[in-house]
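*Asks:* Following the numbering used here, the numbering of the sequence shown begins with 6 at its first residue and continues without gaps.
Got a structure here, written out as structure tokens. Questions coming.
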Amino acid sequence: MTNSYSWGAKWIIPIDQPPIENGCLTVVDGVITSLEPNRQNDATEDLGDVALIPLFVNAHTHLEFSGLNRPLGEPGMRITDWILQVIEYRSEQTVEQKNAAIADGLKESLVCGTTGIGEIATHPWFQELALTDDILIRCFIERLGSATVVSTQIQEAKRWLNHHTAHDVWYPGVSPHAPYSVSDELFHGLLDWAVTESLPTAMHLAESREELQFMETGEGPFRDLLEALNVPLPAHTQRRPLDYLKKLSRVPKPLVVHGNYLNGKELDFIAEHANFNVIFCPRTHAYFEHAPYPLEDLLRRNIDVAIGTDSRASNPDLNMLAELQEVHRCFPDIAPEKILEMGTLAGARALQFEHQMGSLTPGKRGEFLTIPLESTMTPMESILSIEF
6 MTNSYSWGAK WIIPIDQPPI ENGCLTVVDG VITSLEPNRQ NDATEDLGDV ALIPLFVNAH
66 THLEFSGLNR PLGEPGMRIT DWILQVIEYR SEQTVEQKNA AIADGLKESL VCGTTGIGEI
126 ATHPWFQELA LTDDILIRCF IERLGSATVV STQIQEAKRW LNHHTAHDVW YPGVSPHAPY
186 SVSDELFHGL LDWAVTESLP TAMHLAESRE ELQFMETGEG PFRDLLEALN VPLPAHTQRR
246 PLDYLKKLSR VPKPLVVHGN YLNGKELDFI AEHANFNVIF CPRTHAYFEH APYPLEDLLR
306 RNIDVAIGTD SRASNPDLNM LAELQEVHRC FPDIAPEKIL EMGTLAGARA LQFEHQMGSL
366 TPGKRGEFLT IPLESTMTPM ESILSIEF
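So this is what it looks like as structure tokens:
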């Protein structure tokens, strides 16, 4: 039996085409079949003065911290001090507690209108939790460590994937954590694996000034942190994020997470390689009181920027609409339509879900959010001002 439904609305915001006024959206068996400019027909449920928009795609998060009631530390703290608190928190959590937090994070995401997630996984929770069809997950298996554990790290990650192959709602990826936490040998080994298996690859890069200092000089707070953790320090080689970008460019889908301190030359390199996506986490950026984010420079170069919440370790919640509203507040000159795209279709492209979600397009999942419209506002102003 075919299940067919049609909805009419004052505005439909497909994302990949101009908004449709007085539109009608039809879904058959869970898939969008048509968008029409006329909402007046017998088969339509008229939803009234609302806008229909795609559900959100959260391109970067760490769900294991979803049990936190507030971010770790205090706003403006040095990132290395925050990392120490992250390590301490993780050490106190059992696997069962982590899995419960992840389950809570998935539920919260759904409540907030998010059905696509780019998750950084430090343990194989996807083998243990019952996944539903509600959320598509790109699960980036995080790896970090020194040269002495390269083989062990990669073999363990391969075992995870072999025990839980990709299916309709779960898809694999790999994440060499960051320049300060991944040895060159492990980084190259993970990239080789990503190329062989066509795995999208997410790396935290240019996240803080302290990270740049450590890359350039081998000194500073990150050296102090690694020494305090008894991590062996290799001989220093001066480098910039560009050195990592050049290596990441050979994987099929590299994701630069944060990119808060990329310079012009590095942005130009990303712009020249269409396989890159940059993931901006607005409220985490604000929490650490970083320098203004180079969002306009990224967009001016036509770099594909997606939005993520990061985690509750640096963010009060996993609400993607709140992230988009933060972007709108900080960058009032960026078109609201572009901001909404960064939280929907751009995230879907980053996670390689664009054929299933991210826009209201025939052939994609028949899901949408209904946003009440304010008579004194444009549809996009209504979307970016509503509490959700």
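Beta carbons are placed, not taken as given, at the ideal position from N, Cα and C, and that holds for glycine.
Out of curiosity, what's the CA-to-CA distance linking Leu394 and Trp12?
*Replies:* Not covered by the structure: residue 394. The range shown for the chain is 6 to 393.
*Asks:* Looking at Arg244 and Met220, is the spacing between their C-beta atoms short of 7 Å?
*Replies:* Their beta carbons are under 7 Å apart, which means Met220 touches Arg244 by this criterion.
*Asks:* Near Ile391, which residues of its chain fall below 8 Å by C-beta distance, leaving aside the five closest residues on each side in sequence?
*Replies:* Cβ neighbours of Ile391 beyond the five flanking positions: Leu326, Ile376 and Pro377.
*Asks:* Output needed for Asp34: all residues of its chain with C-beta closer than 7 Å, excluding positions within five of it in sequence on either side, in chain order.
*Replies:* Only Thr7 and Asn8 meet the Cβ criterion.
*Asks:* What are the boundary residues of the alpha helix (DSSP H) that His193 is part of?
*Replies:* Unbroken alpha helix (DSSP H) run through His193: Asp189 to Glu202.
*Asks:* For the 8 Å Cβ check, are there 3 or more pairs between the stretch 280 to 293 and the stretch 327 to 343?
*Replies:* Yes: the two stretches touch, three or more of their Cβ pairs being nearer than 8 Å.
*Asks:* Given a threshold of 16 other Cβ atoms within 10 Å of its Cβ, counted over all protein chains shown, does Ser188 qualify as buried or as exposed?
*Replies:* By the neighbour-count rule (16 or more Cβ atoms within 10 Å), Ser188 is buried.
*Asks:* At a cut of 8 Å, does the stretch 155 to 169 reach the stretch 361 to 368 through at least three beta carbon pairs?
*Replies:* These segments do not touch.
*Asks:* So the candidates are Phe61, Phe281 and Val100; which of them puts its Cα closest to the Cα of Ile122?
*Replies:* Comparing Cα positions, the closest option is Phe61.
*Asks:* If you run the structure through DSSP and keep just helix, strand and coil, what is Val36?
*Replies:* In this structure, Val36 counts as strand in the three-state DSSP scheme.
*Asks:* Looking at Gly313 and Val36, is the spacing between their C-beta atoms short of 7 Å?
*Replies:* Their beta carbons are not under 7 Å apart, which means Val36 does not touch Gly313 by this criterion.
*Asks:* According to DSSP, which residues form a beta bridge with Val179?
*Replies:* Bridge partners of Val179: Ile146 and Thr206.
*Asks:* Under three-state DSSP, which class holds Cys29?
*Replies:* Reduced to three states, the DSSP call for Cys29 is strand.
*Asks:* Using the C-alpha atoms, what's the distance from Ile25 back to Leu40?
*Replies:* Taking the straight line joining both Cα atoms gives about 8 Å.
*Asks:* Taking C-alpha atoms, which residue in Gly368, Pro239 and Ala311 lies nearest to Leu350?
*Replies:* The option with the nearest alpha carbon to Leu350 is Ala311.
*Asks:* Going by alpha carbons, who is nearest to Pro257 out of Gln132, Val179, Asp173 and Ala106?
*Replies:* Out of Gln132, Val179, Asp173 and Ala106, Val179 has the C-alpha closest to the C-alpha of Pro257.
*Asks:* How many angstroms separate the CA atom of Trp130 from the CA atom of Asp138?
*Replies:* Looking at the two C-alpha atoms, the distance is approximately 17 Å.
*Asks:* DSSP three-state label for Glu392, please.
*Replies:* Glu392 falls in the coil class under three-state DSSP.
*Asks:* Rounded to whole angstroms, what's the CA-CA distance from Met385 to Val91? Just pull it up for me.
*Replies:* The alpha-carbon atoms of Met385 and Val91 are separated by roughly 37 Å.
*Asks:* Starting from the C-beta of Asp229, find all residues in its chain whose C-beta is less than 8 Å away, skip the five residues before and the five after it, and write them out in chain order.
*Replies:* Hits under 8 Å: Thr85.
*Asks:* Compute the Euclidean distance between the alpha carbons of Gly368 and Tyr298, then round it to the nearest angstrom.
*Replies:* Spanning the two alpha carbons is a distance of roughly 35 Å.
*Asks:* State the start and end residues of the unbroken alpha helix (DSSP H) segment that holds His290.
*Replies:* His290 -> alpha helix (DSSP H) spans Pro287 to Tyr292.
*Asks:* Who are Gly118's beta bridge partners in DSSP?
*Replies:* BP columns for Gly118 are empty, so no partner.
*Asks:* Provide the residue(s) that pair with Val62 in DSSP beta bridges, ordered along the chain.
*Replies:* Answer by DSSP bridge pairing, in chain order: Gly121.
*Asks:* Alpha carbon to alpha carbon, how far is Leu272 from Leu217?
*Replies:* Cα to Cα, the separation comes out at about 15 Å.
*Asks:* Closest by CA to Ile308, which one among His67, Ser319, Lys343 and Pro205?
*Replies:* Comparing Cα positions, the closest option is Lys343.
*Asks:* Taking the beta strand (DSSP E) that Ile17 falls in, what are its first and last residues?
*Replies:* Ile17 -> beta strand (DSSP E) spans Ser9 to Ile17.
*Asks:* Are Leu356 and Glu113 closer than 7 Å when you measure CB to CB?
*Replies:* Cβ atoms of Leu356 and Glu113: not closer than 7 Å.
*Asks:* Quick one: residues in its chain with C-beta nearer than 8 Å to the C-beta of Ile88, no 5 flanking neighbours on either side, listed in chain order?
*Replies:* Closer than 8 Å at the Cβ level, and outside the excluded window around Ile88, lie Leu230.
*Asks:* Taking all protein chains shown into account, do 16 or more other C-beta atoms lie within 10 angstroms of the C-beta of Asp315, making it buried, or fewer, making it exposed?
*Replies:* Asp315 should be labelled buried.
*Asks:* Smallest Cα separation from Cys29: which of Leu345, Trp16, Gln102 and Ala279?
*Replies:* Per the Cα distances, Trp16.
*Asks:* Could you spell out where the alpha helix (DSSP H) holding Ile312 opens and where it closes?
*Replies:* Premise fails: Ile312 lies in the beta strand (DSSP E), Val310 to Ile312, not in any alpha helix (DSSP H).
*Asks:* Taking the CB atoms as reference points, tell me whether Pro76 and Ala318 lie closer together than 7 Å.
*Replies:* Against a cut-off of 7 Å, the Cβ pair of Ala318 and Pro76 comes out as a contact.
*Asks:* Could you check what DSSP says for Val262 in three-state terms: helix, strand or coil?
*Replies:* Correct three-state label for Val262: strand.
*Asks:* Could you check if Ala340 is buried or exposed, using at least 16 other CB atoms within 10 Å of its CB as the buried criterion?
*Replies:* Looking at its Cβ environment, which holds fewer than 16 other Cβ atoms inside 10 Å, Ala340 is exposed.
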